[in-house]
Amino acid sequence: MFKKSTLLFVLFLLIASPVYAATPTTESLQLSVDLVWVMLGAFLVFFMHAGFAMVESGFTRAKNSLNILMKNFITISMASLLFFIVGYGLMFGTSAGSIVGSDGFLLSGVEDISFFVFQAMFVATCATIISGAVAERMKFGSYVLVVIAMTAVIYPVVGHWIWQGDGWLTALGFSDFAGSTVVHLTGAVGALTVVLFLGPRVGKYSGKKVNVIPGHNIPIGALGVFILWLGWFGFNGGSTLAADPSLVPMVIGTTLLSTSAALVSSALYTKIRFKRVDASLSLNGVLAGLVGITAGCAEISLGGSIIVGLLSGVFLVEGIRFLDTKLRIDDPVGAITVHGICGIWGTLAVGLFSTSTGLFYGGGFSQLIVQLIGVIAVVAWTMITVGVFIFVISRFSSIRVSEEEEIAGLDFAEHGSNAYELKEVLLTEENVPASHKLGLADRLNSLTVRDKKLS
Amino acid sequence: MFKKSTLLFVLFLLIASPVYAATPTTESLQLSVDLVWVMLGAFLVFFMHAGFAMVESGFTRAKNSLNILMKNFITISMASLLFFIVGYGLMFGTSAGSIVGSDGFLLSGVEDISFFVFQAMFVATCATIISGAVAERMKFGSYVLVVIAMTAVIYPVVGHWIWQGDGWLTALGFSDFAGSTVVHLTGAVGALTVVLFLGPRVGKYSGKKVNVIPGHNIPIGALGVFILWLGWFGFNGGSTLAADPSLVPMVIGTTLLSTSAALVSSALYTKIRFKRVDASLSLNGVLAGLVGITAGCAEISLGGSIIVGLLSGVFLVEGIRFLDTKLRIDDPVGAITVHGICGIWGTLAVGLFSTSTGLFYGGGFSQLIVQLIGVIAVVAWTMITVGVFIFVISRFSSIRVSEEEEIAGLDFAEHGSNAYELKEVLLTEENVPASHKLGLADRLNSLTVRDKKLS
Amino acid sequence: MFKKSTLLFVLFLLIASPVYAATPTTESLQLSVDLVWVMLGAFLVFFMHAGFAMVESGFTRAKNSLNILMKNFITISMASLLFFIVGYGLMFGTSAGSIVGSDGFLLSGVEDISFFVFQAMFVATCATIISGAVAERMKFGSYVLVVIAMTAVIYPVVGHWIWQGDGWLTALGFSDFAGSTVVHLTGAVGALTVVLFLGPRVGKYSGKKVNVIPGHNIPIGALGVFILWLGWFGFNGGSTLAADPSLVPMVIGTTLLSTSAALVSSALYTKIRFKRVDASLSLNGVLAGLVGITAGCAEISLGGSIIVGLLSGVFLVEGIRFLDTKLRIDDPVGAITVHGICGIWGTLAVGLFSTSTGLFYGGGFSQLIVQLIGVIAVVAWTMITVGVFIFVISRFSSIRVSEEEEIAGLDFAEHGSNAYELKEVLLTEENVPASHKLGLADRLNSLTVRDKKLS
Amino acid sequence: MKKIETIIRPEKFQELRNKLSSIGIGGLTVTEAAGTGKQKGQKGVFRGTTFQIQLLPKIKVEMVVENDQVDEIVNLIIDSCSTGKVGDGKIFIHPIEEVIRIRTGEHGINAVL
Amino acid sequence: MKKIETIIRPEKFQELRNKLSSIGIGGLTVTEAAGTGKQKGQKGVFRGTTFQIQLLPKIKVEMVVENDQVDEIVNLIIDSCSTGKVGDGKIFIHPIEEVIRIRTGEHGINAVL
Amino acid sequence: MKKIETIIRPEKFQELRNKLSSIGIGGLTVTEAAGTGKQKGQKGVFRGTTFQIQLLPKIKVEMVVENDQVDEIVNLIIDSCSTGKVGDGKIFIHPIEEVIRIRTGEHGINAVL
Ligand SMILES: Nc1ncnc2c1ncn2[C@@H]1O[C@H](COP(=O)(O)OP(=O)(O)O)[C@@H](O)[C@H]1O
Ligand SMILES: Nc1ncnc2c1ncn2[C@@H]1O[C@H](COP(=O)(O)OP(=O)(O)O)[C@@H](O)[C@H]1O
Ligand SMILES: Nc1ncnc2c1ncn2[C@@H]1O[C@H](COP(=O)(O)OP(=O)(O)O)[C@@H](O)[C@H]1O
């Protein structure tokens, strides 16, 4: 503990005594109102982690629920700590060669803590994408290592390129307002790379057959989707960093309409394609619409956002089918398609629909090409770094649980107990009579009014 | 796609370049702070849809969960799109004869996008009320048609009468601050009308008997109620449209106290009436208290709001009993009573408890009479339009799923799979050993400390 | 009803007509922006009740779910009403001897309604802590009486000592920014006292054995934890009462980092101690980190907050083990440890880590001693008042349900029905065919692609 | 004594139970089962992939009765549970050597009356 | 050999199991059942409407044993599972023609010892 | 006719079913069971407290067949469901006095073919 005293001393400097002036000025008020807006955004982005946790646990099997929940909690926690210690510096520190930041570690010298808080919430989002794709088979310990690599280094470097201001992609004119590439594509490529090393879940593919492994609780997944949609208003809206009446409502409006369009198009498209309105694909469709508009939410018109969303919904359905049945990449929650394919689409969509530089608005191909370069660079960087990292750690021990543990469920194997006890443990050694709800008897009883006096 | 270019062009004009002035003025700051408040309100109202989805799915049967969730998602999505395309214009466009708006379609010429965003979140609320009442038996496709009619035309017209400023009910002095009538009563009357065409669920009424069809997951329903209560602070609070320190805290205070009172009164009343604190009716009681104060939240005192809430809770319990056992109208989630009966009560309560015009504050009967006229007008308009609409569409095909599909559950019939797989699919063709949580064995085991060393 | 007219009349005075000035001034804007911030905080604190409800129901058995949910709803409702009627006056009214407030009942003479709203959300938090600890065995009616005592008198008095400004602990220099002591310790001591009267659940301890009674739905509990974490940003952040850019981001930053550290330390510590990453203890660890930083969130550095959090996580695990296996105090959700032990730790941590007065920053022992005095005073006051209260009411009737009711589950006994019907009621008297999801057949079927045409 | 074990469609149980009551048979034990035979399963779709459902939910009802009641009950089961569509189920008649009522220790037919 | 099939109150299973162990009977198979007989059901209320619960949860325990163990086990069941209140359940004794242990293919009494 | 009742590991059911199909046995009824015998249970940890799991999940499969099919089916069960590890389960052969198909009222072996 005492070794930390140096650290404490450094941080001590960060604490300024409140300088909330007795007489407010328009400048101080501007700071305050922007603060409230950015904090609201940060809270909403934080809440997205609840959304991810619910989607990922709902779309996978009951026997792995504790595991996926713990992965989500550890992700947000590790990400915040690491971003504080090293990530923020690498991402927003003074640029070394337009490639990476070089100061601001432990926030030393950083004044705008509110910006740190907002950005810290984003980091975990990028890493948590992976947890969904590797669900039901990756070791908890190995996953934690990947989170460390992603949040401490890989993501901050991408962020530096695009969001720090002096990054090389920024210099090229690459535009990614709220992170279709920075956050979502980076996360998805990381996920894809890990999944390629990991392989599919036991029983997912057998010979030529693709087996269905249904999620155990779609309603809680649907709640997660609602939470994510809500959180995204903060994700995109807060990225304005200012309560700017000329910008914020457009950002929220495009986010709302793109997503609405994507839900409608994915629902309709599954109905046409599979003769059923597929619920879980439509829920993914919502996320597709959100990821699709994230890059361009501040420079695409409301009408444009609807088109972006409509296409996102269709790409989502085809993308998931393609990965699942053609490439046989087992992604239990569809994370790679949602964040990767739609992340690319969203990034490119800026080159098409940006009202200032987009192809369809007379801006020519230049923005589109820059967007493409950015996508390629991020894919390459993430794939290589994550690939090397996974390759190295998999030399030391398997990154996958044993087949026996996978079949028994990661909850019991890694956490010692189960997520649900919906029917009561029937019998204790104490000979205590125990009721059992949900039992057969309950269900055999007809629930009918007997006592007319009450009604 | 290319045909959309005209549309895109129109929308292009909407995008103004950011005008966030270098030197903030008190006027620009006023805009910013109001923006933050209204956006916060909009996000909270958006989140209410998660609440509705959870209440509606929790209060109905597991076999229809996907269906009701999809209905909620399609509602918010279609409503946003349609409100953008046509609804906003009909509601807030230049008044044609105080009856309906006539411009502003596709938001052309509309400057305040933040107001559009806030209002767009409301529209879906009105339509989603219907999804609860028609749950477990209405065809997905027919429901979508009703949503289109409600959100594109029927609700915007009511909104025009009351909220646009030049509507005929506004001219009469009708007062409905946040929408007890505009949103809730309109939705509830729509719901009632559709339910009258639809009939009760199979097995709900048999001869003289009223059968109980219990909800499958009251805890998730309770979470939904909490989400709705939270969202309502944005619903009522955001309706001030400004971060006005003299108004907002009163609105939030009355909303909090009315709802608290309604929960207490409905819990107590069921205890007296049925000898049990009925959980699901008490949860409905919360919603009753919220709907009850919605119209008057800005002009009823804190004490008055408690009385409004106490009565809402009682009306709720009696209303649900009356509809269910006397009128035999099958409303699985109690939506018609919550939004209809309490919507009327809330609207009339303004005439009684308004501190400026209410009967109990010496304002005489005039406000009360105007409120009554508004209620009658909205009931008539909604019932007739929805009635005619349903009548017409039911000429083309049944609006109800087949009895076979209803019994099998709408999830499997309309969406091809189930909402829950809480016990694992036992056996795959691959002879993969599979654990089965929640199974009999799990429950027969006594969970007892064996290994004292650990503790 | 008519007897209420006097009350109404008093409240009438409270309603000022909106005074939102035509020309905003920096002072009026300051009020507005602070209002938005405090309201945001209030909403988030409100939402914590959803979090508590989910944690408490998820961590207990399915057969008591309705009961615990109803306890949460009644708590927030009664607390708001009582705080309005009497609590606010006792807490923030003019100080009588630095011990208790003496005016402001029914908010008469109170102008800042926004402060009332924010504080009202806190009151229920304190009481709701008890509902978790007494879960699965306390009578609903007796619980309501305890809520009344806590929220109307016991908590407001503590609040007066520490937060009113003229309280005796404030005079001593006691520092508790957002309520580690005021809210959490008070609640936990109340819980402990009631539990000592109540005894453990049937079957929890038998001879030397400590039996495991697993929670029925850890995923919904995990969602609750996320909601609580989110809400806590409002709890701590809103306690600044102003959108102060120099203070708020630090508060949010310490809250984020302390909690992240606590999750990591509790997960790691259970892994070392029990060879498993214990999911439910780690979730409690999150709450431990939140409670631990609550007192000092505004005066502990970011680095300091990490240390506070790391220790909170370890204290949590040991605390729960100690209470459960050594003291044999049956606290189903770990509330006493989370809010009590970590509440004390958080309060004392101010004396150690406060950058202005803490021991480790050269402030000497004086702050620490004052913190200790505060803790002792609050423990004594709460234990004595709650103890006497429970003793008195238990003279009139048992505060515990009968063993038979406890075994059958409080839901059926007190509320007449069950929380879940996940498998459908199989058979109605109407001979209606009914599907049964979750049934054996569903699980025996292998879900395998048959129709290759679709894919 | 005989044990009549019958596998039926779940939705027919209530009708069967009512008819059994009306001829004085009140004691029975029910378990949940899944069965396969001639009856065809259903097709589902999840995330665009079609899957086949082969085992179908059934209810197993067991009642121990006097030998001379068997025929009447068999007919009554056929009467209540037959729909004419494949999947109606079977009746199996088992010999039972002894029956004991736990509460009283009574043996034989008295134990089930 | 005989199969002893007994329907008991769920809460009595653990006691029965312990007593069976103590006389050396370790092998048994349990299923969840619902039963009706003389025992009265319970009343519930949902949204103000009263409903009746008629089938009650039971546990079915099956064990295959040597002929000469039957009486001892029957007495032991009566001993452990009788409360004297209606609803204690029944014991049915079935003839079994053959028993095979899948693991080894052993037949007869060796298969269950 | 005989009833073959077999308690097996849940994960073996699909293999058994496929092999039964291949020799023309399509009709069977399955129930979920929990069993105990020689097989050891597992240990879990919840909130730091270790607990023991003793009953293990099993599947009970019942099929009524002609007398002369019994041996073939028994061998087939041993073949499909034996892993050699403790816990593979048992096969019990019961006499059946009569079988009736509810749909048609057919008796005897025709009722199950
Ligand atoms: N030989 C058998 N042994 C045991 N149960 C059987 C047998 N044949 C059929 N069953 C059960 O009877 C049910 C109905 O049988 P099926 O052949 O589908 O229709 P039906 O009895 O109308 O001809 C099956 O689902 C299964 O549970
Ligand atoms: N004739 C029967 N055949 C099969 N099971 C029966 C029969 N009679 C009773 N049972 C089972 O035994 C249980 C207890 O029977 P009941 O008559 O209620 O009490 P008791 O056995 O104490 O007289 C019933 O719930 C049912 O499961
Ligand atoms: N005497 C018995 N009567 C009924 N079922 C039994 C008996 N003995 C074992 N079983 C069932 O068979 C299963 C496997 O038995 P076990 O002794 O563990 O392994 P094995 O059969 O491989 O020797 C048990 O879980 C139980 O369900």
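Residue numbers (numbering that gives the first Met the number 0), protein chains in the order written: chain D, 0 to 454; chain R, 0 to 454; chain Y, 0 to 454; chain W, 0 to 112; chain V, 0 to 112; chain H, 0 to 112. We put the beta carbon where it would ideally sit given N, CA and C, even for glycine.
Limits of the alpha helix (DSSP H) - the one that residue i falls within
i         : result
ALA269(R) : Residue identity differs from the one stated: residue 269(R) is Thr in this sequence, not Ala. Taken as a continuous stretch (DSSP letters only), the alpha helix (DSSP H) holding THR269(R) covers 247-273.
ILE383(Y) : 365-395
THR346(Y) : 341-352
VAL73(V)  : 69-80
LEU43(D)  : 25-57
PRO218(Y) : 217-237
PHE117(Y) : 112-132
THR185(Y) : 185-197
Enclosing beta strand (DSSP E) for residue i [first to last residue]
i        : result
LYS57(W) : 55-64
GLY43(V) : 41-45
LEU27(W) : 27-35
PHE50(H) : 48-52
ILE70(R) : Here the sequence assigns Lys to residue 70(R), which means Ile is not the residue at that position. Taken as a continuous stretch (DSSP letters only), LYS70(R) belongs to no beta strand (DSSP E), being part of the alpha helix (DSSP H) at 64-81.
Buried or exposed by the 16-neighbour rule on C-beta atoms within 10 Å, applied to residue i
i         : result
PHE225(Y) : buried
PHE364(D) : exposed
PHE390(R) : exposed
ARG327(R) : exposed
LYS203(D) : buried
GLU61(W)  : buried
HIS93(W)  : buried
GLU65(W)  : exposed
Residues bridged to residue i (per DSSP)
i         : result
ARG100(H) : LYS89(W)
TYR204(R) : VAL209(R)
Beta carbon shell of ligand 2 at less than 7 Å from a heavy atom: Taken from the N-terminal end onward, the list reads GLY26(W), LEU27(W), THR28(W), GLU61(W), MET62(W), VAL63(W), VAL64(W), ARG100(W), ILE101(W), ARG102(W), VAL111(W), ILE6(V), ALA32(V), GLY34(V), THR35(V), GLY36(V), LYS37(V), GLN38(V), LEU55(V), LYS57(V), VAL85(V), GLY86(V), ASP87(V), GLY88(V), LYS89(V).
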